[in-house]
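Notes to accompany the following structure.
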Amino acid sequence: MQKYLEKQWAECMDDFSKTFSSVSYSLWLSPLQPLNIEEDSIVLTVPNELAKSTLERPNYHDKILSIVKQHFNLSNFILILEQERDEYIKEFNLSHPNDEDAIDITSIEKPITKQNPFNPRYTFENFVVGTTNQVIYAACRAVAEQPGKRFNPLFIYGGVGLGKTHLLHAIGNYIWEHKTQNINIVYITCEDFTNDFLEALRKKQDTLSEFREKYRNADVLLVDDIQFIANREKTQEEFFHTFNNLYQAGKQIIISSDRQPKDIPTLTERLRSRFSSGFIQDIQPPDFETRLLIIQKKIELEDYSYAPGLDYLLAERLDNVNIREMEGILKKIHFYAAMHGMKEANKEVMEEVLNSQGELEKKKSSSISEDKIIDTISKYFNVPRDDLIGRKRNKEIVEPRQICIYLMWSLLAIPLTTIGQTFNRDHTTIIHARDKIMEQAKSSPATQKILEDITKQIKSD
Ligand code: ADP
Ligand code: MG
42 MQKYLEKQWA ECMDDFSKTF SSVSYSLWLS PLQPLNIEED SIVLTVPNEL
92 AKSTLERPNY HDKILSIVKQ HFNLSNFILI LEQERDEYIK EFNLSHPNDE
142 DAIDITSIEK PITKQNPFNP RYTFENFVVG TTNQVIYAAC RAVAEQPGKR
192 FNPLFIYGGV GLGKTHLLHA IGNYIWEHKT QNINIVYITC EDFTNDFLEA
242 LRKKQDTLSE FREKYRNADV LLVDDIQFIA NREKTQEEFF HTFNNLYQAG
292 KQIIISSDRQ PKDIPTLTER LRSRFSSGFI QDIQPPDFET RLLIIQKKIE
342 LEDYSYAPGL DYLLAERLDN VNIREMEGIL KKIHFYAAMH GMKEANKEVM
392 EEVLNSQGEL EKKKSSSISE DKIIDTISKY FNVPRDDLIG RKRNKEIVEP
442 RQICIYLMWS LLAIPLTTIG QTFNRDHTTI IHARDKIMEQ AKSSPATQKI
492 LEDITKQIKS D
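Take the sequence shown: its letter number 240 is residue 281 in the numbering used here, and every next letter is one higher.
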């Protein structure tokens, strides 16, 4: 049975490699292992939840199924997590499949030696996965699960504060926690590598060989912020040798940078081509959904009390800051509320903090202004500007005015009292107008459409 399973599965894999892109194949398909045939289904193991949910999406699921059907004449496939495999085997009384070719990081006894040098907060569990970082996340997990076997070198690049260091530590933490044999994981920032190296150069030959030994004995080498190697010829030369040594020995190398190898000035051609020979993947600023998930995760981890809905508002507002800055703002909001003896942070606190943060400046300079909103609405509804901010109360004017108030509130980081001044009304009137439109937008597609159209116009010119 095992033989049959393996033979047919090899054929499936062959078809997968032709059907899916090479990235999809290596990320999602190649880790699959056949475990059993259960009635009319083949049981496969997947390394983690992300892989499982990806493969269950229709575009993967349907193609996999049709290939499985061809080679096995089965009507279904079942995915179980690798961590559930032992239990499954016990339950079904299967013989243990041997997978000698993967580095088995669970087979040898655990020597408890040094302390885990990695930041305990920077784990895979604490890393929020969204569309902007899921590929790099999956690649990092793959590398952590099978160091040296999958993507080598793995090159991560992206702007500051987007999670590169977090991911490197997550790989370190994961291997550290799961290792049972002595795997030597070395994490170093490029700065430290350079300084260590120059220091060693200045001293005697002994120190230099010590230096080399430290890095060349690594089983997994994590190098953070490699861009700092630019302009340092000697260090590049040294790193090149370290790299080659490790690479040829099949050791895992993971590198982070704020930009792609091709954009690092004065990177020697040979290093550039070494870096490019592996898997290069960027990490993008988070989109709305990812921001929301990150905010929710941080609120949960830090045990912040936030009013319901504040997470949404923040996810909308914090569209031009990186994740590190997001964390800072969340913390400030929490402290501000606590300082004022509030049970939970609310929107007003958020406004205060964002204002003091200089968010207001950013928004103002981003070309959207009160004036622009008033002008656009005045044209859109064909209501004179003076009437819009005046005191007339006929329906043709009241509703555009309320929409105007709502949009000022949602598009600009300004306090309600400021909006009140513009309309010469107190802030309860402003709240009433805002809430009315917010409610209306929930149930009326027509209102949604109007808001969308106007917002588009406001943002377009
Ligand atoms: P970089 O090294 O790219 O400059 P860091 O890894 O230092 O960025 O990340 C900055 C902060 O943002 C860290 O506190 C990190 O935990 C957090 N962070 C970044 N990405 C995520 C994410 N996807 N989920 C949760 N926290 C994140
Ligand atoms: Mg960093």
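Beta carbons: idealized from backbone N, C-alpha and C, even for Gly. Just so you know, these numbers come straight off a predicted model, no measurement behind them.
Spell out the partners DSSP gives residue i in its beta bridges.
i: T469; result: Beta-bridge pairing links T469 to no other residue.
i: A386; result: Y347
i: T230; result: D265
i: N117; result: S82
i: L122; result: V87
i: I197; result: S297 and Q322
By the 10 Å Cβ neighbour count, where 16 or more other Cβ atoms means buried, how is residue i classified, buried or exposed?
i: K48; result: exposed
i: L263; result: buried
i: H375; result: buried
i: A356; result: buried
i: A290; result: exposed
i: F329; result: exposed
i: S27; result: Past the edges of the chain, shown from 42 to 502, lies residue 27, and the structure says nothing about it.
i: M380; result: exposed
i: P161; result: exposed
i: T86; result: buried
i: G350; result: exposed
i: F316; result: buried
i: N174; result: buried
i: D260; result: buried
i: D412; result: exposed
i: T331; result: buried
i: D145; result: For D145, the predicted model reports a pLDDT of 42, less than 50, meaning its position is unreliable; a value from the coordinates is still stated below. With fewer than 16 other Cβ atoms within 10 Å, it is exposed.
i: N19; result: Look at the range of the chain in this structure, 42 to 502, and you will see that residue 19 is not part of it.
i: D266; result: buried
i: A487; result: exposed
i: Y342; result: This sequence places Leu at residue 342; Tyr is not what is there. When all chains shown are included, L342 counts as exposed.
i: F22; result: A query on residue 22 cannot be resolved here, the shown segment of the chain reaching from 42 to 502 and no further.
i: K497; result: exposed
i: A179; result: buried
i: P306; result: exposed
i: K205; result: buried
So that I know if they touch, is there some Cβ in chain D lying closer than 7 Å to that of residue i?
i: F192; result: Here chain D cannot be found, since the structure has a single protein chain.
Could you please give the first and the last residue of the uninterrupted beta strand (DSSP E) stretch that includes residue i?
i: P75; result: Q74 to E79
i: I295; result: Q293 to S298
i: D260; result: Note, D260: premise wrong, no beta strand (DSSP E); not H, not E.
i: L68; result: Note, L68: premise wrong, no beta strand (DSSP E); not H, not E.
Taking 6 Å as the cut-off, is the CB of residue i close to at least one heavy atom of ligand 1?
i: V201; result: yes
i: V109; result: no
i: F269; result: no
i: G204; result: yes
i: I177; result: no
i: V169; result: yes
i: I364; result: yes
i: I296; result: no
i: H219; result: no
i: H207; result: yes
i: I305; result: no
i: I335; result: yes
What span of residues does the alpha helix (DSSP H) with residue i cover, start to end?
i: F316; result: E310 to S317
i: I446; result: K436 to L452
i: D56; result: Q43 to T60
i: N203; result: The sequence given here has Leu at residue 203, not Asn. Segment: none, L203 is in no alpha helix (DSSP H) and carries neither H nor E.
i: K220; result: Element bounds for K220: n/a, residue is neither H nor E.
i: H375; result: I364 to M380
i: Y163; result: Premise fails: Y163 is in no alpha helix (DSSP H) and is neither H nor E.
i: L287; result: E274 to Q289
i: G399; result: From DSSP, G399 is part of no alpha helix (DSSP H); its letter is neither H nor E.
i: T417; result: E411 to F422
i: K500; result: P486 to S501
i: F192; result: It is not in any alpha helix (DSSP H) - F192 carries neither H nor E in the DSSP assignment.
i: T172; result: Element bounds for T172: n/a, residue is neither H nor E.
i: G431; result: Careful: G431 lies outside any alpha helix (DSSP H) and carries neither H nor E.
i: L457; result: L457 to F464
With a threshold of 6 Å (Cβ to nearest heavy atom), would residue i be considered close to ligand 2?
i: T235; result: no
Could you check whether the Cβ of residue i sits closer than 6 Å to any heavy atom belonging to ligand 3?
i: I370; result: Questions concerning ligand 3 fall outside what the structure shown contains, since the ligands it does hold are ligand 1 and ligand 2.
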